[in-house]
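Student: Take the sequence shown: its letter number 24 is residue 24 in the UniProt record's numbering, and every next letter is one higher.
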Amino acid sequence: MIVEKIVGNIAMLDRLPPHIERVYLSSDDLVKRIQRVVTDHGRELGIRLKDAKELTDGDILWMDEKNMIVVSVLPDDLLVIRPTSMKQMGEIAHQLGNRHLPAQFEGEEMLVQYDYLVEELLKQLHIPYQREKRKVKQAFRYIGHRHDG
Numbered sequence: 001m002i003v004e005k006i007v008g009n010i011a012m013l014d015r016l017p018p019h020i021e022r023v024y025l026s027s028d029d030l031v032k033r034i035q036r037v038v039t040d041h042g043r044e045l046g047i048r049l050k051d052a053k054e055l056t057d058g059d060i061l062w063m064d065e066k067n068m069i070v071v072s073v074l075p076d077d078l079l080v081i082r083p084t085s086m087k088q089m090g091e092i093a094h095q096l097g098n099r100h101l102p103a104q105f106e107g108e109e110m111l112v113q114y115d116y117l118v119e120e121l122l123k124q125l126h127i128p129y130q131r132e133k134r135k136v137k138q139a140f141r142y143i144g145h146r147h148d149g
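Next up, the structure:
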C-alpha cells in the first residue's frame with residue numbers, strides 16, 4: 001500500500017473504528033515525505049506524501065469503516081527546561097540559539113533533545129530542568145543559516 005496523503009488526525013474524530021494499527025516513528029522521521037514503514041501488525045506501507053506536509057502524532061494514513069492506520073511518535077530523550085524568570089529564559093534561549101539547537105515549547109516548558117553539554121550548561125546556570133522520555137507532537141527543526149556577510 002502506498003500512502004500519498006494524510007486522511008486526518010485521530011484527535012479530531014468523535015468515533016474510532018474497531019481496529020487500529022499503528023506506525024511507530026521517531027520524531028526525526030516525521031519530516032520525511034518518502035519512507036517505508038511497517039505497522040504494529042506487520043503490514044508494510046510506503047509513505048510518499050504529495051504535499052510538503054510533515055507528519056504529526058495521530059495522523060491517519062489510511063481508514064475505512066472498520067480499520068485505521070495511525071502514526072504514533074516514539075518518546076524522545078529530552079531535557080525539559082523550566083526557567084523561573086525572564087532572565088533565565090533569556091540566558092538559556094541565547095545559549096541554545098548560539099548552538100543552533102532546535103527547541104519546542106509546551107506551556108511553560110522548553111523542550112530540547114538531550115545533549116550532555118546542554119545539561120552541564122543548565123547546571124552551571126542553575127536553571128531548573130529534568131531529563132525525561134517524552135513524546136513530542138512534531139519533529140525538532142534545525143534552521144540553518146550562515147554567519148558570513
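From the three backbone atoms N, C-alpha and C, an ideal C-beta is built for every residue, glycine too. Since the structure is predicted, the reported quantities are computational estimates derived from the model, not experimental observations.
If you run the structure through DSSP and keep just helix, strand and coil, what is G90?
Tutor: It is helical.
Student: Touch check for the stretch 73 to 87 and the stretch 11 to 20: three-plus C-beta pairs under 8 Å?
Tutor: Flag = no, the stretch 73 to 87 and the stretch 11 to 20 do not touch.
Student: Grab me the residues of A103's own chain with a C-beta within less than 7 Å of its C-beta, minus the 5 sequence neighbours each way, in chain order.
Tutor: Same-chain partners within the cutoff: L96, M110, L111 and V112.
Student: Go through the stretch 48 to 90 residue by residue and report every complete run of the beta strand (DSSP E) that reaches 3 residues or more, in order.
Tutor: For the stretch 48 to 90, whole beta strand (DSSP E) runs of length 3 or above, ordered along the chain, are 59 to 63, 67 to 73 and 76 to 81.
Student: Count the other CB atoms, across all protein chains shown, that sit within 10 Å of the CB of Y24; report buried if there are 16 or more and exposed otherwise.
Tutor: Exposed, because fewer than 16 other Cβ atoms sit within 10 Å of the Cβ of Y24.
Student: Smallest Cα separation from F140: which of D59, L45 and L79?
Tutor: Out of D59, L45 and L79, L79 has the C-alpha closest to the C-alpha of F140.
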